[in-house]
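From first to last, the protein sequence lines are chains A and B. Per numbering that gives the first Met the number 0, the very first residue in the first sequence carries number 0; after that it's consecutive. Per numbering that gives the first Met the number 0, the very first residue in the second sequence carries number 0; after that it's consecutive.
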Amino acid sequence: MKKLRRSMLFLPGANAAMLSTSFVYKPDSIMFDLEDAVSIKEKDTARLLVAHTLKLGIYQKMGIETVVRINALDTPFGLDDLEAVVRAGVDVVRLPMTHSAENVHQLEAHIVRIEKELNRPIGSTKIIAAIESAEGVVNAVSIAKSSSRMIAIALAAFDYLVDMQTERGDGQELFYARCAVLHAARVAKIDAFDVVYSNVNDDEGFLREVKRVKQLGFNGKSLINPRQIELLHNAYAPSQKDLDNAKEIVEAAIEGERQGLGVVSLNGKMIDAPIITRAQMVIELANMSGVRQE
Amino acid sequence: MKITQTALAGTLESSDLLVKIEPSEQLEIVINSDVNKQFGKQIRHVVESTLASLNVNNGLIIIDDKGALDCVITARIQSAVLRASKDKAQWSELL
């Protein structure tokens, strides 16, 4: 069954209390941040805190995917971050400021070296690339296809909007980037995460944005507050009506196949392969996430 | 590793600890903990084994623990020792 990636919760890597307790919120993925959330003078200790927390294995036991956002490899911190978290057994490394496939290739070369040193299966550490520049958006397809380790690409708004010489508004300013990143993910058959919604007290605005990016096709969003997890998961769950309809479609398709019919119809509407595939996806999602509470 | 200068790591926030290390001829460990009655022995064990794994044989180590998990204690001590010794991290020894 495909891994659900609706929510990726950011946690500051220097906060001991949050690192060792945040599994209670049950996001699909938890992202320990060693980059922007950690001051330069705390980079060394945050790196060790995150690594030793990962070694505990609590998150994996809870079925929560572990991700670490390392510092960029051209900073004095990136390579040490990578050494620590790969050794500690992180599931996924999130590479910030990914501008090109070459950035991913550099990261992968280091991961291969560490995996070999540890006698780990080559390819066991996965990668998410964060796209946060105009160059990254334009190169999104080659980034998404740059490695078999790539499980998702994420759009990050703050730096991207600075690069584009604009600011956060109603979403219009992100429309091209969202579409480009999403298409790249679909070309590469990987997942796509949308940007964080930083006003944690505005549930209405958050849900409006979730509805928009879900409709576009994003698998989920990066989150900065645990309060947003339940809202997001509920919004991504299919409604009871959607589920009932999907079950009817699949049952009609099975019956049609049993009767050897080439074309099946339900309530006067033709059911073709994409409709059946979509219905199966809805049923699978409901099995994993439950049904939406209205 | 040899402790050559004073260093701090950690915080006094709940679930964390503050580690202070100073140069000294001998190894001396002082532990103050909010949960000393329940976990004092375990905390000392984690502190001593972490220092031993780093080959720290000298220094005054003062710990103010606010209920940190073992993984946090290990991480903060390693950070403080690295800062106090100025040695580069050897990842195969730290993790």
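Glycine included, every Cβ here is placed at the ideal spot set by N, Cα and C.
Whether residue i touches residue j by CB criterion (8 Å)
i       : j       : result
I130(A) : I150(A) : no
M30(A)  : R68(A)  : yes
S221(A) : R291(A) : no
S123(A) : V71(B)  : no
G21(A)  : L33(A)  : One point to set straight first is that residue 21(A) is Ser, not Gly, in the sequence displayed. No. Outside cutoff.
E21(B)  : G58(B)  : yes
R4(B)   : T49(B)  : In the sequence as presented, Arg is not what sits at residue 4(B); that position holds Gln. Contact flag unset, no.
I228(A) : V249(A) : no
Beta-bridge pairing of residue i - partner residues as DSSP gives them
i       : result
S264(A) : M269(A)
T65(A)  : I29(A)
L10(A)  : F31(A)
L128(A) : Rather than Leu, the amino acid found at residue 128(A) in this sequence is Ala. Answer is L94(A) and I152(A), bridged to A128(A).
Span of the alpha helix (DSSP H), counted from its first residue to its last, around residue i
i       : result
S91(B)  : W90 to L93
F22(A)  : From DSSP, F22(A) is part of no alpha helix (DSSP H); its letter is neither H nor E.
G219(A) : Element bounds for G219(A): not the alpha helix (DSSP H) but the beta strand (DSSP E), G219 to L222.
A153(A) : Looking at the DSSP string, A153(A) is not in any alpha helix (DSSP H); the run it does join, the beta strand (DSSP E), is M149 to L154.
L53(A)  : K42 to L55
R185(A) : F174 to A187
V209(A) : D202 to L215
R119(A) : Note, R119(A): premise wrong, no alpha helix (DSSP H); not H, not E.
D79(A)  : G77 to R86
Chain A residues whose Cβ lies nearer than 9 Å to that of residue i
i      : result
R75(B) : A15, T44, L47 and L48
E12(B) : N14, A15 and A16
Partners in chain B for residue i, counting only beta-carbon separations shorter than 7 Å
i       : result
T124(A) : Under the 7 Å cutoff, chain B gives no residues; its nearest Cβ is about 14 Å from T124(A).
D73(A)  : Those do not exist, as D73(A) stays about 19 Å from chain B at its closest Cβ, beyond 7 Å.
D79(A)  : A88
Residue i: first and last residue of the uninterrupted beta strand (DSSP E) it sits in
i       : result
R167(A) : From DSSP, R167(A) is part of no beta strand (DSSP E); its letter is neither H nor E.
L231(A) : From DSSP, L231(A) is part of no beta strand (DSSP E) but of the alpha helix (DSSP H) over R226 to Y235.
F192(A) : D190 to D193
Chain-ordered chain B contacts of residue i [CB-CB under 9 Å]
i      : result
R86(A) : W90, S91, L93 and L94
E83(A) : Note that residue 83(A) corresponds to Ala in the displayed sequence, not to Glu. What A83(A) touches in chain B: A88, W90, L93 and L94.
S19(A) : S14, A67, L68, C70 and V71
Under 7 Å from the C-beta of residue i: neighbouring residues of chain A
i      : result
S78(B) : D43, T44 and L47
Near the ligand SAH: residue i beta-carbon under 7 Å from a heavy atom
i       : result
R112(A) : Although the ligand SAH was asked about, the structure shown includes no ligands whatsoever.
Per-residue contacts from residue i into chain A (C-beta, under 8 Å)
i      : result
L81(B) : D43
query = Taking the runs of the alpha helix (DSSP H) that are 4 residues or longer, which of them lie wholly in the region 7 to 82 of chain B?
reply = The DSSP assignment places complete alpha helix (DSSP H) segments of no fewer than 4 residues inside the region 7 to 82 of chain B at 35 to 52, in order along the chain.
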